[in-house]
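Numbering (this note's numbering), first residue to last: 6 to 160. Glycine included, every Cβ here is placed at the ideal spot set by N, Cα and C. Bear in mind the structure is a predicted one, so any value in this text is a computation, not a measurement.
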């Protein structure tokens, strides 16, 4: 959330433009507990990623100090409220199994995990429905949407 606030300031975006819902959420049954040996292997494999993450995390907190922690906290709270308003406007149910979703909003499924989705509220205006569908659209469908917007034809 804090990073979104800094993006908002840098790109002059409104709070509503940063409201979101989490995509690609796994079913509880698809989440595995890792043993210590696997955790250590993952840490070794991702050592450079971790160094990059730590560098940019430190840079972020330096900028957050300059921005002001209290101000940042207020903006984060404002973004959370905006996100909750959007969620209440758009989402009827979250964590919906893929078999219960329309093709348009069904996330791509792998053999190793079940990815959950969202059911939108009924009785949305046409404008609200367009906004809400784009909000919960999985990345493959969203990519197709953007391609059509950009080139005026399907992929």
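Put residue i into one of helix, strand or coil per three-state DSSP.
i: residue 99; result: strand
i: residue 25; result: coil
i: residue 125; result: strand
i: residue 111; result: coil
i: residue 76; result: helix
i: residue 31; result: strand
Residue i and residue j: beta carbons closer than 7 angstroms?
i: residue 101; j: residue 124; result: yes
i: residue 97; j: residue 126; result: yes
i: residue 31; j: residue 118; result: yes
i: residue 62; j: residue 69; result: no
i: residue 24; j: residue 88; result: yes
i: residue 122; j: residue 112; result: yes
Buried or exposed: where does residue i fall if 16 or more other Cβ atoms within 10 Å of its Cβ makes it buried?
i: residue 47; result: exposed
i: residue 160; result: exposed
i: residue 21; result: exposed
i: residue 151; result: exposed
Restricting to Cα atoms, I'd like to know which of the options is closest to residue i.
i: residue 83; options: 51, 71, 19 and 131; result: 19
i: residue 94; options: 45, 158, 137 and 155; result: 137
i: residue 29; options: 142, 157, 156 and 134; result: 142
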